[in-house]
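Residue numbers (numbering that gives the first Met the number 0): 0 to 334. Remarks on the structure that follows.
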Amino acid sequence: MAEIITNEKKKVLSCIQPSGMLTLGNYLGALKNWKNMQEEFDCTYAVADLHAITVRQEPAKLRAQIYSTYAIMLALGLDPEKSTLFIQSHVAEHTALSWLLSCNTQFGEMSRMTQFKDKSAKHANNVNVGLFSYPVLMAADILLYQPDFVPVGADQKQHLEIARDIAIRFNNLYGDVFKIPEPYIPKAGARVMSLQDPEKKMSKSDENQNAWVAILDDKDTIIRKFKRAVTDSEACVRMSEAQPGISNLITIYSVITGKTPAEVEKEFEGRGYGDFKLAVGEAVADELAPIKAEYDRFIGDKAELERIFREGDMKAERVARKTYFKAMKKVGFVL
Ligand code: TYM
Numbered sequence: 000m001a002e003i004i005t006n007e008k009k010k011v012l013s014c015i016q017p018s019g020m021l022t023l024g025n026y027l028g029a030l031k032n033w034k035n036m037q038e039e040f041d042c043t044y045a046v047a048d049l050h051a052i053t054v055r056q057e058p059a060k061l062r063a064q065i066y067s068t069y070a071i072m073l074a075l076g077l078d079p080e081k082s083t084l085f086i087q088s089h090v091a092e093h094t095a096l097s098w099l100l101s102c103n104t105q106f107g108e109m110s111r112m113t114q115f116k117d118k119s120a121k122h123a124n125n126v127n128v129g130l131f132s133y134p135v136l137m138a139a140d141i142l143l144y145q146p147d148f149v150p151v152g153a154d155q156k157q158h159l160e161i162a163r164d165i166a167i168r169f170n171n172l173y174g175d176v177f178k179i180p181e182p183y184i185p186k187a188g189a190r191v192m193s194l195q196d197p198e199k200k201m202s203k204s205d206e207n208q209n210a211w212v213a214i215l216d217d218k219d220t221i222i223r224k225f226k227r228a229v230t231d232s233e234a235c236v237r238m239s240e241a242q243p244g245i246s247n248l249i250t251i252y253s254v255i256t257g258k259t260p261a262e263v264e265k266e267f268e269g270r271g272y273g274d275f276k277l278a279v280g281e282a283v284a285d286e287l288a289p290i291k292a293e294y295d296r297f298i299g300d301k302a303e304l305e306r307i308f309r310e311g312d313m314k315a316e317r318v319a320r321k322t323y324f325k326a327m328k329k330v331g332f333v334l
C-alpha cells in the first residue's frame, strides 16, 4: 500500500506573562525561538494574563501590560496570518480544563515545584492557592493545543515535566486525549543571568533596574546597563565558572551574533572588559532596535490590536474547545 504522505506541520505552543516589562532574558530564552519556529511549524502563542494574577497586580497596569505584551509579540514579527496569537483569559477552556487536570494532580507533586517555593518566599503575604496550582493551569494551556514542542527558557523545564506527567496519567486513566509535548529549550541563552548578580536569573521583577535589560529599552540605556554590568577579576574575556559575570555576557553576545564562545574569546583577546561590554551593549541594542520601532507603531493603534487579538482568540478557541470536550467526555461528563 502506498505510504500516506501528509505535509501537516508539527505544532508549537508557548505563552508569556504580561507582568511588567519583558526582558532580554525572555527574548533570548523564548521569544527569539518563537519567531524562528514560525515558518516551519504551526505555532500558537498567548499572553498568559491569568498567570499574572498569582501575584498582586494593579488593575490599570495589568490592562496596559496585556496590550503591551501582545504588541511586542507582533513587533517581533509574529504574523497573525501564519500563527495563532491570542489572550489566554479570552479562551475559557484554559480554566475549565485546568479543573479537570487539578483533580488528577497530586498535592505532593505540586509541592515540589521550585518556582512556587521561590515565589512564595518572595510574596510571603500572598501565598495564594493560584500560585500553588499555577503549573496545572500551565499544563492546560499546553495540552489544549496538542503541541509537539513548547519553546521556553530553562526556568520552565520543571513545569513542562509536570505537564507531561499530568498528560500521561490522564491518558492512562481515560484513554488517549493529549499529545505528550517536548520542551524546546535553546542550547545557549536558556538562562540569561542578572547583570548585577550573575548567580541570579535576569528577571523583570528585580528591583535593581540595572540588573535587567528591557526589550523596549533605548540604545543609550542598554549600553549604560552593560557598561555597569558586574564582571569578574581575571581581566580577560574568557568563559569559565570562575567568571560568571563575563560568561553571561559572552553567552548573550554569542547568541546575538551567532559566533561561538571560542570565537568571541578570540575576538577580544588582549582587550579589556570595557571594550567587550560596549560591544555587547551595541550588539544587543542593534538587535532590539527594530522590535522597539515596530512596537511603537502597534501600540499606537489599540483598535487594530483588538481586531487582531479577537481573531486570534477565535482561532485558539476552536482548537481548545475540541480538546476540552474530548477530555470531558472521557472523564464521564454528559455533554
Ligand atoms: P515568563 O512569562 O516568566 O517568561 C516567558 C518566557 O521567557 C523565559 N525566560 C527566560 N529565559 C532565559 N533567561 C531568563 N532570564 C528568562 N526569564 C524568562 C521563560 O522560560 C519563558 O519561556 N509560566 C510561564 C508562562 C506560561 C507558559 C504556559 C509557557 C504560561 N503558560 C504554557 C509555556 C507554555 C512563565 O511564567 O514565563
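In this text, a Cβ means the ideal position worked out from N, Cα and C, and glycines have one as well. This one's a predicted model, so the numbers in the text were calculated from it and none came from an experiment.
Bridge pairing for Met112: absent [DSSP]. In the three-state scheme derived from DSSP, where H, G and I count as helix and E and B as strand, Tyr144 is classed as coil. In this structure, Gly257 has its CB at a distance of at least 6 angstroms from all heavy atoms of the ligand TYM. In the three-state reduction of the DSSP assignment, Ile15 falls in the strand class, which pools E and B.
Ile86 has Val46 as its beta-bridge partners, per DSSP.
At least 7 angstroms separates the beta-carbon of Pro185 from that of Val149. Per the DSSP secondary-structure output, Ala213 pairs in a beta bridge with Thr22. Considering only Thr256, Ala261, Lys226, Gly257, the residue with the shortest C-alpha distance to Gly244 is Lys226.
Taken atom to atom, the span from the alpha-carbon of Met36 to that of Lys60 is near 31 angstroms. Taking all protein chains shown into account, Leu172 has fewer than 16 neighbouring C-beta atoms within 10 Å of its C-beta and is therefore exposed.
Contact annotation: Val236 and Glu264 have beta-carbon atoms nearer than 7 angstroms.
Secondary structure of Lys10 (DSSP, three-state): strand.
For Cys102, the Cβ stays outside the 6 angstroms cut-off from all heavy atoms of the ligand TYM. With a cutoff of 7 angstroms on beta-carbon distance, Val151 and Ala29 are scored as near each other. Contact between the region 298 to 311 and the region 125 to 138 is absent: fewer than three C-beta pairs spanning the two stretches fall below 8 angstroms. DSSP, reduced to helix, strand and coil, places Glu181 within a strand of the structure shown. Taking the Cα positions, Met20 is about 43 angstroms away from Gly331. Taking the CA atoms as reference points, Trp211 sits about 38 angstroms from Asn103.
For Val318, the uninterrupted alpha helix (DSSP H) run begins and ends at 301 to 330, by DSSP.
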